[in-house]
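To keep things clear, I will list the structure first and then write my remarks on it.
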Amino acid sequence: MYLNRRAAALSAVAVVTMSALGGCGADADEQTDNDNSDNSIVLYSGRDEELVGPIIDAFTQESGIEVEVRPGDTTELAAQLLEEGDSTQADVFLSQDAGALGALAEAGAFATLPDDVAGAVPAAFTSTDDTWVGVTGRARVFAYDPRDVEESELPETVQGFVDPRWSGEVAVAPTNASFQAFVTALRVSEGEDVAEEFLSGLVDNDVQIYESNGDILAAIEDGQVDVGLINHYYKYELAAEVGAENVITELKFAEPGTAGALVNVSGAGILAGAEGDEDAEELVRYLVSEEAQTAFAEQTFEYPLVEGVPGPEGLPELSELVGGEFDLARLESLDETTALIQSVGLV
Amino acid sequence: MAALRTAAAPSVGTRPPKVLLAGSLVTGVLVAIPLVYLVVRTSEAGWADVEPLLLRGRTLELAVNSLALAASVAAGCLLIGVPTAWLITRADLPWAPVWRVLAALPLAVPSYVAAYAWVATWPGLHGFVGSVLVLTLVSSPYVTIPVAAALRRADRDVEDVARTLGRSPWGAARSTVWPQIAPAAGAGALLAALYALSDFGAVAVMRFEAFTYGIQLAYRVGFDRTLAAVMALVLTVLALLVVLAERWFRGNAERRQPPAGTGAPASTRPLGRGTVPALTGVAAVAVLALGVPIVSLFVRLAEGTARGLEWGELYTAAVATLTVSSIGAVIAIMMALPVGLLAARYRGRGVAALESASYLGNALPGIVVGLSLVFFTVNVVPGLYQTSLALAFAYAVMFLPKAVGSVRASMAQVPPGLEDAARTLGRSPAQVWGAVTARIALPGVTAGALLVALTAMKELPATLLLRPTGMDTLATEMWSRTTVNAYGSAAPYAVTLMLVASVPAYLLSRPERRA
C-alpha cells in the first residue's frame, strides 16, 4: 500500500518538476527583438570565439549594440538553425564556409541583405541572391613537412599527388566542408572524369584520412605524414598558439586558377525572423567594413574580401590566387561531390 | 496503460501498483522524445527516399564496424574489470584501497581526451585497434565497480563448501562465484557496449568509421537531416539488439544465481607468488588508462600557450559544469526510480519493454539527442529552450540507464522477506520503507546519481546545442580551444574536468556500507 503512495509521490514530483521546468525559462526566451533596434542581438558563430571575439568587442564599442555570441561548430549550428526554424533566437549567423550558408539559404532561413552590405564584396565571393555575404577568404594550400620534403619536389597542381612518390604521405579531411568545396571546384573546372580519376588515384596511393584540417596540421608537425591538403590560416592559428618559431610546417600555394588553389569564403547572413532588424544589419555591415576586414587580415590571417583592403602579410595576393572562375554559388550544391567522394571510398 | 497491464504477466505474484506504472510510463514517454523526433524526420522524407539510404552497403559496413567495436569494448572491459574487481575485494593485494580508487578513476577521463593523448604518444595508432583500446580503458570501471560490489555481497560459504567437496580453487570459483557476479558483470558490459556504440569523440580522433561517424557525416555533408535520422534509427536498433542480448544473459544468470548469502564479510585469499603479476597487472591498467592521458596533458601544459589562463573563466566553467550535471543526475534518478522499482520487483513483458526503452537514449550520439531536444523544446515548451534545465534534462535522457541499473540493483538487494518481517513486527508500511527499503537502497541509488553526474560532466555535443547562450562548461571551453589547435590552453580545462570528475569517481570506488 505504501509503495503505491510513495511511487505516487515520486511521479508527482517528476511531473511537477517537468512543468516547473516549463515555466521557469519563460523570461529568458520571450525577448522580442522584432523592433527595428533594441541595441541587442544574438549571433550564432561558427567561428572560434577567441578569434572573432576582439572584432565583435570592437563593434560593440563603436555601435553600442550588445552582441550575445553563441559559438559552435558551423555545421551543427546550421543543423540547429534548421531545427529551430522560425522560433530561433538568432539574428545573425556567421559561418566558416559557404556550404552551410547555401543550405540555410535554400531552406529560406535568411532575410535579404541591404544592397550596400550584399554588394560590399566582389560577386565571386558572395551569394547570388543577396541572402548572405562573404566575409573572409581562405585559400586551399599544400602544407608540407620541410624535414622530409623540398618545396621544389611538390607538384604545381593537386593532381600531382597521385604519383607513387607520395604514397601514404598525403593527408586529407574528406568530411570537411573545405575539402568538399575543393572537390566541387575540381569537378566544375576539370570535369567529372578528372575529378574521379584524381580521387581514386589518392585512394590507391594510400591517402591518409583525417577528421579536420587541424588534425592534419598536427599530423604534419608530429611527422606522421609529409603533406596535407588544408586551408592556409591553420598554420597561423597554430603559430599564434605556440609561437611562429615552433611551427615546422610550411605552405605551398598551388598554381593560381587551379582547383588546388581554391579560395573558399566564410560569410554571414541575417535570419528571416530578424528581417529589418537594424542592429543585425549594422553587425553584418561592420563585418565587411574596412576596419573589420583589416582586423581579420591581421588577427586571423584570412584574406579580406573587400577590395582595397591589404591582405595578410607574407602571403600571395588574393588576386594572384583567384585566376579561374569558381562560382561559389555553384559550390553550394554538394550532392554530386558527396556521391563522388563516397563512391571512390574516401568516406 | 491498459495494454501495459495486460502485458505484464505477474510472475512475482502481484500486479505492479498503478501509480508505479504511471510513473514509469512518464519516464518512458520522456525517453521516447529522441525516437519520436527521428521518426518524424524520417517520415518527412517518405519511404522512397529512405529505402536507398537504408539499404546501401555503407549502412551495413558501418553497422558491422560499430557492433564489432561495441562487442570488443564489452569483452575488453570484462577482461580488465572482472579480475581487477576480484583482486581489490577478495585477494590480499598490497595497497588494495589505492588500487580500488585507481580502478574507478578512468571514468573521469573523457574519451576524446584519452584518444588525443594516445595519438599524441603513438602517432601511428588509429582505426579499430585504437578505438577499442581507448574506449576499453575509459569504460572498464563500468564493469569493475558493480562486480566489486557484487563480490563484496557474494556468499563466501558456498565457495568454501565447493572447496570441501573437492573442487579446485578455480573450479570452485567458477561454479560458485561467477554465478553471483554474472548479472553485475553483464550489466556493466552493457553500459560499456552502449557507450562504445554512442561515442563519437574517440572514434573521430582514431579515425575509425563507426556508425556515429556516419551520422556526423550526414549532418556535415549536405546537411542531410533525413539521412542522419535514418542512420540514427538504425543505430537505435543496434542498441536494442545489445540490450536484448544482455537481458537474455541476465535472465539466464539470475536463474542460476544462488540465494543471497549470510552477509558474513568475505575473507581475502592469499595471492602468494601471484602477488607480483597481480600488482603488475593492476599497475599496467592504471598507467594505460590514467598515466597516458595525464602525462600527455602535462606535456601540453608545459608547452605553454600564448593565450594565458583566466582563472575566473575556469572557475565559472567548473561551477557551471558541476551545477548542470548535478541537476541532470537528480532528474535522472527521479525518472529512474519508478522504472527501477518496477524492474526490481515485477516481471512481465510490459515491465521489460519499459526498462529496455530506458536504455535507448544512451545509444544515440549526443548530436542526435541534442537536436531532438532542440526540436522538442522549440515546438512544445519554448520557454525551456536553451536553459540549464533543458540541458540537464538532456543529460537525464542520455544517461538514464546508469541510474535505472543502479536503482534496480539496489532495490533488488532489499529482501522482500525483510520487509514482510518488519511488517509482521507491527511496523507501518511507511516505517518499513524508511527503516528497511530506503536505508538499504540509498547507497546504490546515490551511486547511480554519481555515475550520471560523472558522465554528464564530460558530455559535449548536446551541451553545445542546448546550453544557455553565454554559458560554458569545462567541456565546451576545451572544445573551443582545440578547434583552433590551442591544445596548450585547452589543457588546464581538461585537467580541471578530470579533477572535478574524479570526486564522484572516488566516491563510487568506496565500498558500500552495509545497512
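Just so you know, the sequences run in chain order A and B. Take the first sequence: its position 319, counted from the start at 1, is 319 in our numbering, and no numbers get skipped. Take the second sequence: its position 347, counted from the start at 1, is 1347 in our numbering, and no numbers get skipped. Yeah, the Cβ is synthetic: ideal placement off N, Cα and C, and Gly gets one too. None of these values were measured; they are calculated from a predicted model.
Here the C-alpha atom of Thr300(A) lies approximately 7 angstroms from the C-alpha atom of Tyr233(A).
For Gln61(A), the number of other beta carbons within 10 angstroms of its own is below 16, and it is reported as exposed. With fewer than 16 other Cβ atoms inside 10 Å of its own Cβ, Tyr1315(B) counts as exposed. When Gln224(A), Ala139(A), Gly191(A) are compared, the shortest CA-CA separation from Val149(A) is found for Gln224(A).
By the neighbour-count criterion, in which 16 or more other beta carbons inside 10 Å mark a residue as buried, Arg1439(B) falls on the exposed side. The Cβ atoms of Ala1403(B) and Ala1462(B) do not sit closer than 9 angstroms to each other.
The criterion of a C-beta distance shorter than 9 angstroms is satisfied by Ala118(A) and Val133(A).
Chain A has a Cβ within less than 9 angstroms of the Cβ of Glu1303(B). Residue pairing by DSSP places Arg70(A) opposite Tyr44(A) in a beta bridge.
When the beta-carbon positions are compared, Leu238(A) and Val141(A) stay at least 9 angstroms from each other. With a 10 Å radius around the Cβ and a threshold of 16 neighbouring Cβ atoms, Glu317(A) comes out exposed. Pairing Phe296(A) with Phe59(A), the inter-Cα distance amounts to about 13 angstroms. Of the residues Ile55(A), Ala90(A), Ser45(A), the one whose Cα lies closest to the Cα of Glu275(A) is Ala90(A). Rounded to the nearest whole angstrom, the CA to CA distance from Ser1410(B) to Leu340(A) is 54 angstroms.
Using beta-carbon distances, Ala1068(B) does not count as an interface residue toward chain A, since no partner is under 9 angstroms.
The DSSP-derived three-state label of Trp1122(B) is coil.
In chain order, Ala1204, Val1205, Arg1207 make up the part of chain B whose C-beta sits under 8 angstroms from the C-beta of Glu211(A). Secondary structure note for Arg140(A): it is in no alpha helix (DSSP H), and the uninterrupted beta strand (DSSP E) holding it is 132 to 144.
Distance from the CA of Leu287(A) to the CA of Ile56(A), rounded to the nearest whole angstrom, comes to 9 angstroms. Boundaries for Asn1379(B): no beta strand (DSSP E) harbours it, while the alpha helix (DSSP H) harbouring it runs 1366 to 1379, taken from the DSSP string.
Within the region 258 to 286 of chain A, contact with chain B at the beta-carbon level (separation under 7 angstroms) is assigned to no residue.
In the displayed model, Ile270(A) falls within a strand according to three-state DSSP. Residues of the region 1363 to 1375 of chain B that bring their beta carbon within less than 7 angstroms of a beta carbon in chain A comprise Ile1367, Leu1371, Val1374, Phe1375, in sequence order.
For Val1101(B), the nearest beta carbon of chain A is not closer than 9 angstroms to its own beta carbon. For the pair Asp97(A) and Val265(A), the CB atoms are nearer than the 9 angstroms cut-off. Around the beta carbon of Arg1345(B), 16 or more other beta carbons sit within 10 angstroms, so the residue counts as buried. Think of a sphere of 7 angstroms around the beta carbon of Glu49(A): the chain B residues whose beta carbon falls inside it are Ser1480, in chain order.
Pairwise C-beta distances place the region 169 to 188 of chain A out of contact with the region 1169 to 1189 of chain B, as fewer than three of them are shorter than 8 angstroms. Tyr44(A) and Gly269(A) have their C-alpha atoms some 10 angstroms from each other.
Under a criterion of Cβ atoms nearer than 7 angstroms, the residues of chain A adjacent to Gly1470(B) are, in order, Glu68. Between Val170(A) and Gly260(A), the CB-CB gap reaches or exceeds 9 angstroms. Residues of chain B with a Cβ closer than 8 angstroms to the Cβ of Gly72(A) are, in chain order, Leu1464, Leu1465.
For Phe125(A), there is no enclosing alpha helix (DSSP H), as DSSP marks it with neither H nor E. As computed with DSSP, Phe110(A) is found in a beta bridge with Leu271(A). Counting only runs of 4+ residues, the alpha helix (DSSP H) found wholly inside the region 1120 to 1207 of chain B occupies 1127 to 1139, 1141 to 1153, 1156 to 1164, 1169 to 1172, 1178 to 1198, 1201 to 1205, in chain order.
Ranking Asp1472(B), Ala1162(B), Thr1176(B) by CA distance to the CA of Leu1322(B) puts Asp1472(B) first.
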